[in-house]
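Colleague: First the structure, which I've put down as structure tokens, then a few questions once you've had a look.
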Amino acid sequence: MNSVSYAFLDSAPVIPVIAIQKLEHAVPLAEALVAGGIVNLEVTLRTEHGLKAITLIRDQVKGANVGVGTVCNATEFDTAVDAGANFVVSPGQSDALFERALLTNIPLLPGAVTATEVMTAMEAGFNVLKFFPASTSGGAPAIKAFAGPFADLQFVPTGGVNLDNAGSYLSLSNVRAVGGSWLTPAAAIQNGQWEHITQLAREASQLGA
């Protein structure tokens with residue numbers, strides 16, 4: 011079994027999924043989220059600025075635990091860790107990704123939404139999994155059903171999770187945290203409305219309390 015600690019997930023109930031469109035937004039956005047109590051930040055590789063944003067946040071934002079999302083292979087894993095990512099999130103899984111993660115002390119949350127995918131991740135040594143895309147894969151009822159056959163597993167659902175339904179996920183005993191993009195609305199970022207994002211983070215930090 012993977013001996014890497016996932017205790018960082020207990021720091022906040024929500025992990026914002028962040029796609030940086032302009033590099034100059036990275037630091038003030040991260041500062042706004044941390045000010046609202048959201049400290050685990052998943053910067054995705056969906057944009058060209060992802061890796062540089064991770065490094066900037068790591069170096070300049072006190073209290074931020076910056077990770078990387080949309081990691082689909084071992085090469086991206088290595089590149090993101092070199093940039094400063096403290097945790098790695100993947101929409102899926104592969105033997106190569108499993109093997110790379112197990113050679114490091116970096117927590118990986120591999121994606122799994124079917125019983126077969128869950129079993130594959132378990133056999134590889136992982137017991138905290140990303141459930142993506144949550145809303146189209148059965149949502150909270152599906153994760154609740156997994157508690158029976160997979161009692162020792164925990165999930166971080168992402169995809170279609172928002173302020174209105176996050177509570178239904180976080181109320182489940184086998185959900186460790188949720189991921190979502192509602193904390194980082196594009197218009198607010200574009201307009202530099204950092205106080206608004208801090209308020210969204212404050213609301214999110216109280217979920218599941």
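In my numbering, the protein residues as written are 11 to 219.
Glycine is no exception: its CB is placed at the ideal position from the N, C-alpha and C atoms.
Treat the numbers as computed from the prediction; the structure is a model and nothing was measured.
Buried or exposed for Glu86, going by 16 or more other Cβ atoms inside 10 Å?
Modeller: buried
Colleague: Please report the distance separating the alpha-carbon of Gly149 from that of Tyr179.
Modeller: 8 Å
Colleague: Between Gly102, Ser191 and Glu41, which has its C-alpha nearest Ala74's C-alpha?
Modeller: Closest option to Ala74, Cα to Cα, is Glu41.
Colleague: Taking C-alpha atoms, which residue in Gly218, Val123, Gly202 and Asn201 lies nearest to Ser183?
Modeller: Gly218
Colleague: Identify whether Gly149 lies in helix, strand or coil by the three-state DSSP scheme.
Modeller: helix
Colleague: Let me make sure I understand the geometry here. Which of Asn50, Arg56, Phe142 and Gly121 has the alpha-carbon closest to that of Leu193?
Modeller: Asn50
Colleague: If Leu27 and Gly177 are in contact, beta carbons under 8 Å, what's the gap, nearest whole angstrom?
Modeller: The sequence given here has Val at residue 27, not Leu. Actually they do not touch by this definition, with Cβ atoms about 18 Å apart.
Colleague: If the criterion is Cβ atoms closer than 9 Å, does the pair Ala22 and Thr57 meet it?
Modeller: no
Colleague: May I ask which residues mark the beginning and end of the beta strand (DSSP E) holding Lys140?
Modeller: Val138 to Phe141
Colleague: Between Ala134 and Gln164, is the Cβ-Cβ spacing less than 9 Å?
Modeller: no
Colleague: Smallest Cα separation from Ala197: which of Ile25, Lys32, Ala17 and Ala144?
Modeller: Lys32
Colleague: Just reading off the beta strand (DSSP E) that Thr54 is part of, what are its end residues?
Modeller: Asn50 to Thr54
Colleague: Assign Ala161 to buried or exposed, taking buried as 16 or more other Cβ atoms, counted over all protein chains shown, within 10 Å of its Cβ.
Modeller: By the beta-carbon neighbour count (other beta carbons within 10 angstroms, threshold 16), Ala161 is exposed.
Colleague: Buried or exposed, going by whether 16 or more other CB atoms sit within 10 Å of the CB of Ala122?
Modeller: Taking all protein chains in view, the Cβ of Ala122 is crowded by 16 or more other Cβ atoms within 10 Å, so the residue is classified as buried.
Colleague: Just the Cα atoms here: how many angstroms apart are Ala84 and Leu61?
Modeller: 15 Å
Colleague: So, helix, strand or coil for Thr168, using DSSP?
Modeller: strand
Colleague: Taking the CB atoms as reference points, tell me whether Leu113 and Leu139 lie closer together than 9 Å.
Modeller: no
Colleague: Tell me, please, which residues DSSP counts as bridged to Gly77.
Modeller: Answer by DSSP bridge pairing, in chain order: Glu52.
Colleague: Would you kindly report the start and end of the unbroken beta strand (DSSP E) that includes Gly189?
Modeller: Val188 to Gly190
Colleague: What residue from Asn96, Pro159 and Gly169 has the CA that sits closest to Asn115's CA?
Modeller: Asn96
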